[in-house]
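Protein chains in written order, with the numbering used here: chain X, 38 to 445; chain P, 9 to 373.
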Amino acid sequence: MSDPEGASINNTSSGPVNRLLNSILLLWRDASIRPLIMQAVVVLLVVAMGAWVINNTMNNLETRGISTGFDFLSQEAGFGILQSLVEYDESHSYGRTFTVGILNTLLVSVLGIFFATVLGFLMGVARLSPNWLLARLSSVFIETFRNIPLLLQIFFWYFAVLAALPHPRQSYALGDALFLNLRGFFFPKPVMEQGLSAVFISCLVAVGLALFLRYKHRKQRVETGKGISGAPYLMAALIVGIPAITWWLSGATMTFDMPELKGFNFRGGLSIIPELGALLLALTIYTAAFIAEVVRAGIESVQKGQKEAAASLGLKPGKTLSLVVIPQAMKVIVPPLTNQYLNLAKNSSLATAIGYPDLVNVFAGTTLNQTGQAVEVIAMTMAVYLTISLSVSLLMNIYNKRVALIER
Amino acid sequence: MIEQELKMIPAREPPKMAVGTIAWLRGNLFTGPLGTAAILLIIYGLILTVPPLVQWLFLDATWFGASSEACDREGACWAFITARLDQFIYGFYPSEEYWRPNLFFAQLAVLVGWLSIKSTPWKKWVLGYSLVIMPVVSWFLLYGDIFGLAKVDTHQWGGLMLTLLLALCGMIASLPFGVLLALGRRSDMPVIRSLCTAYIELWRGVPLITVLFMASVMLPLFMPVEVSFDKLLRAMIGIIMFQSAYMAEVVRGGLQAIPKGQFEAFDSLGLSYWQGMIMIVLPQAMRLVIPGVVNTFIALFKDTSLVLVIGLFDLLAIIQAGLNDPKWLGNSIEGYLFAGFVFWIFCFGMSKYSQRLEQQLHQGH
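Now the structure itself:
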């Protein structure tokens, strides 16, 4: 507290006001108290602003006659939804529309992530290919689709490409099973009959056993230098054998529900509506272009010396790739890759622009318009995306800690 | 004794040519039978697709006309674009005032050129002008209602002009907020740190479309009844809030790259926190993050197309609206190709610029 400047003020000043100012100045100059004062001021400001906003909102809602609270979730929604993974019709509640929206968002995200990963890895590897033409082509692909807004790409697929498909009566057909037309892509639906659930369970058991075998095999190889002989064949036999035997023993049957043209559209089977198709195409291609760059950067980050070292140890090119290059590249690839996955999930909200019934379209769109409860609806919508993002980031951090290079 | 016959070992094959066209072809195209097969397949595919595409895009295209009926040839109907080009660029801006957006574009072009060409002088002042004065000047230039300029309401703005405006506004305004948030997130004060972290993670965790919905539906609710916001202003506020969070993360990356010694050095010189940040840390950090900033700008530029969902007519939205004109039905491919081309030019240009910067930065070390 023996601040020389503070002291000089003290000398020249007299009177109670100056003395008060002086002691405030001394507090302000104290390095352990100043942060406390500043934080208190910030908290006060934030609270004041929050109170002001809440007060305004309450006034506004009252003048507009909009009710508050989450009671609307149990009211009847009264509108139809184009595609739903759970049972849904007009008589279900707004709460149900929320679920339907989340499921549709998750559906397109998961499918998109799968296809974008496959395409992205192919393109990323192709860009590094020694084949000049292939490398050029993939770089043209990447540079084109990365630099065009996703919304534009969605519109292109939906309004320009898929809208040009023929009417149901003139569908492109493959046999009597697959049909592609203006209304979507139709394909047979496998129908589970009795006994098939046993087969399904046995599949899970088989995969579990195979994974256990793989773990044992690897452990033994690390400890003794030699794994269980014939382990890969044994694993394949397990995965194919157990379900096949169960199938044969239980005598389960499986039939297909085939799509059929009835009137103006197809009935039966499963279908991908054009909105989902366009969204999926655009999301896949757009994200794949980014993933390709991530993959390329990852592979390039592995130093040449690593490959040379592996080769001089006598590893074959395939083993070099799987034991030396890919594990190191993955450390660089995975964090930005997860980022791309999150971007894809967030970008799937553009679905609303072409009417695919995702969360934003169904909930922040129709439900918001019908109930007018903007605050609750938008907050719930944001909370869903936030939950996805934060939980993935959390998993990511755990993963990063596990794989981070342990330095000497 | 056994007579040994001395024999020469047969000479080895000469090494394959490592230079020249044939060697290049062998090394880069016809690599083994699989590579050769792939190449032939690709070339076949290109022959199948490229000539008809060129035919459709250029040779058979109709370039001018008053409606879809003018496009009686096989190829693309670019008449749709040429006839409506003014609208695609200026939106519904009154045509006798086109010189104002033109002046805005010219100013932008000069500034961008000035800042990206290496040998121009007074870079600092030009940068300061672009970040502080240019936005204000541009606003008055386009909005008018001052110095005898006619007032042009924001609902008449649209097209490429609006796209550029939204992107620029998001970029320039998010810079200071981003820097403050980044400093806050690295602050020693727990309250400020957690507030900044919460803000950043909140906006980065939600899609822009929900932010725009929020800005357009909820902002009017948050304000006192008598305050009313323009639709454009609401979109801008949404974009700025969103973009600041991304900017903050980019700047934080730069701050983290500054060695601790720099902080200790300004402390020991007796500089205050802000003096040290402004004079020592930020100049170094900002130079490091320029490529990252340009990359977020590219993302923002593409994202501005989302304002379509809240009813603003940016480049994509105005083309989309034009496609529904009964006079011009059936030109959706041409419309989207044009929009894609314009966006692509801007984004590709910026990404090349950022790559060049990155290389320059690398050489410095």
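For glycine and all other residues, C-beta sits at the position ideal for the given N, C-alpha and C.
Classification of residue i by the beta-carbon crowding that lies within 10 angstroms, buried from 16 upward
| i | result |
| --- | --- |
| X:Pro186 | buried |
| X:Ile179 | buried |
| P:Arg212 | buried |
| X:Val259 | exposed |
| X:Pro203 | exposed |
| P:Trp32 | exposed |
| X:Ala315 | buried |
| X:Gly151 | It should be noted that the sequence gives Phe, not Gly, for residue 151 of chain X. Answer is exposed; the Cβ neighbour count stays below 16. |
| P:Val118 | exposed |
| X:Glu312 | buried |
| P:Pro102 | exposed |
| X:Lys438 | exposed |
| X:Ala390 | buried |
| X:Thr261 | exposed |
| P:Phe72 | exposed |
| P:Met222 | buried |
Beta-carbon proximity of residue i to residue j, cut-off 8 Å
| i | j | result |
| --- | --- | --- |
| X:Phe400 | X:Phe135 | yes |
| P:Leu308 | P:Met179 | yes |
| P:Tyr404 | X:Phe182 | Nothing can be reported for residue 404 of chain P: it is not among the residues displayed for chain P, which extend from 9 to 373. |
| P:Leu189 | P:Asp311 | no |
| P:Leu220 | P:Leu314 | yes |
| P:Met249 | P:Ile306 | no |
| X:Val198 | X:Ser385 | no |
| P:Leu123 | P:Leu111 | no |
| X:Val236 | X:Thr283 | yes |
| X:Phe280 | X:Ala243 | Going by the sequence as given, residue 280 of chain X is Pro instead of Phe. In this structure, X:Ala243 lies closer than 8 Å to X:Pro280 by Cβ. |
| P:Leu263 | P:Val289 | yes |
| X:Val361 | X:Lys383 | no |
| X:Pro354 | P:Asn36 | no |
| P:Leu191 | X:Val83 | no |
Bridge partners - residue i, DSSP secondary structure assignment
| i | result |
| --- | --- |
| X:Ile309 | X:Phe222 |
| X:Thr292 | X:Val228 |
| X:Asp108 | DSSP lists no partner for X:Asp108. |
| X:Arg304 | X:Glu297 |
| P:Cys85 | P:Thr70 |
| X:Glu113 | X:Ser130 |
| P:Asp322 | P:Gly167 |
| X:Leu405 | Paired residues: none, contrary to the question. |
Proximity test, Cβ basis, 8 Å: residue i and chain C
| i | result |
| --- | --- |
| X:Pro227 | The structure shown contains no chain C; its protein chains are X and P. |
Inter-residue spacing [alpha-carbon to alpha-carbon] between residue i and residue j
| i | j | result |
| --- | --- | --- |
| P:Leu1 | P:Ile266 | Since the displayed chain P opens at 9 and closes at 373, residue 1 of chain P lies outside it and no answer follows. |
| P:Met231 | X:Gly87 | 11 Å |
| P:Gly348 | P:Phe96 | 13 Å |
| P:Gly40 | P:Leu56 | 24 Å |
| P:Glu342 | X:Gln190 | 13 Å |
| P:Ile353 | X:Leu171 | 24 Å |
| X:Glu124 | P:Asn303 | 43 Å |
| P:Met142 | P:Ser224 | 26 Å |
| P:Arg260 | P:Ala91 | 47 Å |
| P:Arg295 | P:Arg193 | 20 Å |
| P:Phe356 | P:Phe113 | 19 Å |
| P:Glu257 | P:Glu366 | 18 Å |
| X:Phe224 | X:Pro205 | 14 Å |
| P:Lys24 | P:Arg34 | 10 Å |
| P:Gln251 | P:Thr171 | 15 Å |
| X:Gln340 | P:Thr44 | 29 Å |
| X:Ile139 | X:Glu330 | 30 Å |
| X:Val155 | X:Asn97 | 50 Å |
| P:Ser236 | P:Ile245 | 13 Å |
| X:Ala200 | X:Leu211 | 20 Å |
| P:Gly156 | P:Gln363 | 44 Å |
| X:Asn59 | P:Tyr207 | 36 Å |
| X:Arg101 | X:Val90 | 16 Å |
| X:Tyr209 | P:Gly121 | 52 Å |
Task: Near-chain X residues of the stretch 239-255 of chain P - C-beta to any C-beta below 8 Å - done: none
TODO: Name, going along the chain, the residues of the stretch 318-329 of chain P whose beta-carbon falls closer than 7 Å to a beta-carbon of chain X.
DONE: Leu324 and Gln328
- [ ] Give the residues from the stretch 387-402 of chain X that approach chain P closer than 7 Å (Cβ to any Cβ), ordered along the chain.
- [x] Leu387, Thr389, Ala390, Val397 and Ala401
Task: Residues within the stretch 420-438 of chain X neighbouring chain P, beta-carbon criterion of under 7 Å - done: Hits within the stretch, in order: Tyr422, Leu423, Ser426 and Leu427.
TODO: With 9 Å as the C-beta to C-beta threshold (strictly closer), list the residues of the stretch 183-210 of chain X near chain P in chain order.
DONE: Listed by position along the chain: Arg183, Asn184, Ile185, Pro186, Leu187, Leu188, Leu189, Gln190, Phe192, Phe193, Phe196, Ala197, Val198, Ala200 and Ala201.
Open item on the list: Against chain X, which members of the stretch 85-106 of chain P pass a CB distance test of less than 8 Å?
Closed with: none
Open item on the list: Against chain X, which members of the stretch 351-365 of chain P pass a CB distance test of less than 7 Å?
Closed with: Phe351, Trp352, Cys355, Phe356 and Ser359
Open item on the list: Beta carbons nearer than 7 Å to chain X: which residues of the stretch 263-277 of chain P have them?
Closed with: none
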